[in-house]
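Quick note, the sequence shown lines up with residues 0 to 206 if you use numbering that gives the first Met the number 0.
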Amino acid sequence: MKESATAVADDTGINERIARRVRDLRTVRGYTLDALAARSGVSRSMISLIERASASPTAVVLDKLAAGLGVSLAGLFGGDQDDTPVQPLARRAQQAEWRDPASGYVRRNLSPAGWPSPIQLVEVDFPPGARVAYDSGGRESALHQQVWVISGRVDVTFGDTLHELQEGDCLAMRLDQPLIFSNPSSHAARYVVAICDASAAAGVRNL
0 MKESATAVAD DTGINERIAR RVRDLRTVRG YTLDALAARS GVSRSMISLI ERASASPTAV
60 VLDKLAAGLG VSLAGLFGGD QDDTPVQPLA RRAQQAEWRD PASGYVRRNL SPAGWPSPIQ
120 LVEVDFPPGA RVAYDSGGRE SALHQQVWVI SGRVDVTFGD TLHELQEGDC LAMRLDQPLI
180 FSNPSSHAAR YVVAICDASA AAGVRNL
């Protein structure tokens, strides 16, 4: 019972964090709910539920919202948890962790929340038999991604090409085609994703 209560509390906390981040990004960009719905392909009612932390959206839904808002999926888990200044160091206890309700995969944002960097690191625990399909095309900013497998096997289908990744393998890609992650094995896999916003990187170089 105690573990169940802790899990509910954790889910509530991360859902509130996502809600605040989506709402803030939409406000900054001047999008109405209808405008964001049109840009992302996510219904107005679902966006409203997400912004009120009244829904547990899947990774696929959040990725569509991220594309509509012009950020990476990892960017929806960023932002400050409170009013404390951003720091360049993120202790493990401070790293946002979230479980996809559809696939069961668990992602942990490793990078310091809110820190101005074009690079974001994410660690993923991928259950056996899990599959997640993203529609990664149509983004306004160029996102580059590399996937490094720490343990297990991860199949990555990028466009029409299947890459079977084993422990130690690393795959680089630009997110401009449909992307599918799957774990065809009977064992859990773990991998790290490095994401770089090319436009943000250019801005850093020009400072």
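C-beta atoms are modelled at their ideal positions from N, C-alpha and C, and glycine is treated no differently.
Which residues bound the alpha helix (DSSP H) around residue 50?
First-last of the alpha helix (DSSP H) with residue 50: 43-50.
Assuming residue 121 and residue 73 make a contact with CB atoms under 8 Å, what is their CB distance in whole Å?
That pair is a contact at about 5 Å.
Flag this pair as yes or no: are the beta carbons of residue 178 and residue 133 separated by less than 7 Å?
Yes, the pair counts as a contact, with Cβ atoms nearer than the cut-off.
Within the same chain, show all residues whose beta-carbon is closer than 8 Å to that of residue 54, passing over the 5 residues directly before and after it, in chain order.
Setting aside the 5 residues that flank it on each side, residue 54 is surrounded in the same chain by 14, 45, 48, each with a C-beta closer than 8 Å to its C-beta; the list follows chain order.
Burial state of residue 186, where buried means 16 or more other Cβ atoms lie within 10 Å
Taking a 10 Å sphere around the C-beta of residue 186, we find fewer than 16 other C-beta atoms and assign the residue as exposed.
Distance check for residue 108 and residue 172, CA to CA, integer angstroms please.
Taking the straight line from one Cα to the other gives about 20 Å.
Run the CB neighbour count on residue 67, radius 10 Å, all protein chains shown included, and call it buried at 16 or more, exposed below.
Here residue 67 is buried. Its C-beta has 16 or more other C-beta atoms within 10 Å.
Provide the residue span of the alpha helix (DSSP H) that contains residue 61, from first to last.
Unbroken alpha helix (DSSP H) run through residue 61: 58-68.
Helix, strand or coil for residue 85 per DSSP?
Looking at residue 85 - three-state DSSP - the assignment turns out to be coil, as it is neither helix nor strand.
Whole-angstrom Cβ separation of residue 70 and residue 24, contact assumed at under 8 Å?
Indeed, because the Cβ distance is near 7 Å, the residues count as touching under 8 Å.
Using three-state DSSP, classify residue 32 as helix, strand or coil.
Helix.
Take residue 85 and list the residues in its own chain whose beta-carbon comes closer than 6 Å to its own, dropping the five residues that flank it on each side.
Only 113, 114 meet the Cβ criterion.
Just to confirm before moving on: does the CB-CB distance between residue 161 and residue 146 stay below 7 Å?
In this structure, residue 161 sits away from residue 146, with a CB-CB distance that is not shorter than 7 Å.
Within a Cβ cutoff of 6 Å, which residues of the same chain sit near residue 101, ignoring the five residues on either side of it in sequence?
These residues qualify, in order along the chain: 57.
Under 8 Å Cβ to Cβ from residue 210, same chain only, skipping five residues before and after it: list those, please.
The chain is shown only over 0 to 206; residue 210 falls outside these bounds and no answer can be derived.
Can you check DSSP and say which residues form a bridge with residue 91?
In the DSSP secondary-structure assignment, residue 91 is not bridged to any residue.
Verify whether the separation of the beta carbon atoms of residue 140 and residue 196 is less than 7 Å.
Residue 140 places its beta carbon less than 7 Å from that of residue 196.
For residue 25, does the three-state DSSP call read helix, strand or coil?
Taken through DSSP and simplified to helix, strand or coil, residue 25 comes out as helix.
Cβ atoms of residue 111 and residue 154: under 7 Å apart, would you say?
In this structure, residue 111 does not lie closer than 7 Å to residue 154 by Cβ.
Residue 122 by DSSP, collapsed to three states: which one?
Strand, per DSSP.
For a minimum of 3 consecutive residues, which ranges assigned as the beta strand (DSSP E) are wholly contained in the segment 106-163?
Within the segment 106-163, the complete beta strand (DSSP E) runs of at least 3 residues are 118-125, 130-133, 142-150, 153-157.
Here's the rule: buried if 16 or more other CB atoms are within 10 angstroms of the residue's CB, otherwise exposed. What is residue 88?
Burial call: exposed.
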